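Novice:
In UniProt numbering, the protein residues as written are 1 to 120.
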């Protein structure tokens with residue numbers, strides 16, 4: 001199945017070491033992160049621990065610290081660093097000519113399917 005990309009924003013619209021939130025009707029939000037090297041990542045805006053808003057966390061390197069309990073989540077995988085355990089769903093991101101796009105099929109997937117993807 002081919003990806004259907006939707007342009008969400010420009011790289012410069014995401015604060016360096018911060019994030020931008022993509023609201024999804026009836027579903028948890030997606031957070032798009034930008035690190036100091038201008039790499040862009042997208043995760044479900046929900047820490048695997050207690051559901052804290054990762055978009056409000058501090059980005060460092062290729063990780064984000066959850067604002068609730070300071071769990072460190074890898075932006076590439078969506079998984080917590082040991083000794084903490086658990087993963088949040090990651091989303092495919094494409095950056096082209098400064099445009100940040102997300103895969104529509106992932107954005108529109110039912111949450112049950114997304115949980116299966118996060119576990120894989």
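Glycine residues also receive a C-beta, built at the ideal position from the N, C-alpha and C atoms.
The structure presented is a predicted model; accordingly, all values stated were derived computationally and were not measured.
Please state the DSSP three-state secondary structure of residue 16.
Specialist: It is coil, neither helix nor strand.
Novice: What is the DSSP secondary structure of residue 106, reduced to helix, strand or coil?
Specialist: Note: residue 106 maps to helix in three-state DSSP.
Novice: Quick check: the Cα distance between residue 62 and residue 80, rounded to an integer number of angstroms?
Specialist: Approximately 12 Å, taken between the alpha carbons.
Novice: Alpha carbons only, please: which of 97, 38, 5 and 69 is nearest the one belonging to residue 51?
Specialist: The residue with the shortest Cα to Cα distance from residue 51 is 69.
Novice: Given a cut-off of 8 Å, decide if residue 77 and residue 7 are closer than it, judged by their beta-carbon atoms.
Specialist: No; because the gap between Cβ atoms is not below 8 Å, this pair is not in contact.
Novice: Drop a sphere of 10 angstroms on the beta-carbon of residue 89, count the other beta-carbons inside from all chains shown, and report buried for 16 or more, exposed for fewer.
Specialist: Under this definition residue 89 is a buried residue.
Novice: Hey, how far is the Cα of residue 41 from the Cα of residue 56?
Specialist: Answer to the nearest angstrom: the Cα atoms are 15 Å apart.
Novice: Going by C-alpha distance, which of 23, 67, 10 and 60 is nearest residue 108?
Specialist: Ranking 23, 67, 10 and 60 by Cα distance to residue 108 puts 23 first.
Novice: For residue 39, which option in 65, 98 and 47 has the closest C-alpha, if you only look at C-alpha atoms?
Specialist: Looking at the Cα atoms, 98 is the closest of the given residues.
Novice: In whole angstroms, what separates the C-alpha of residue 29 from that of residue 45?
Specialist: Their backbone Cα atoms lie some 5 Å apart in a straight line.
Novice: With distances taken Cα to Cα, identify the nearest neighbour of residue 16 among 26, 9, 33 and 65.
Specialist: Residue 33 is the option with its Cα nearest to residue 16.
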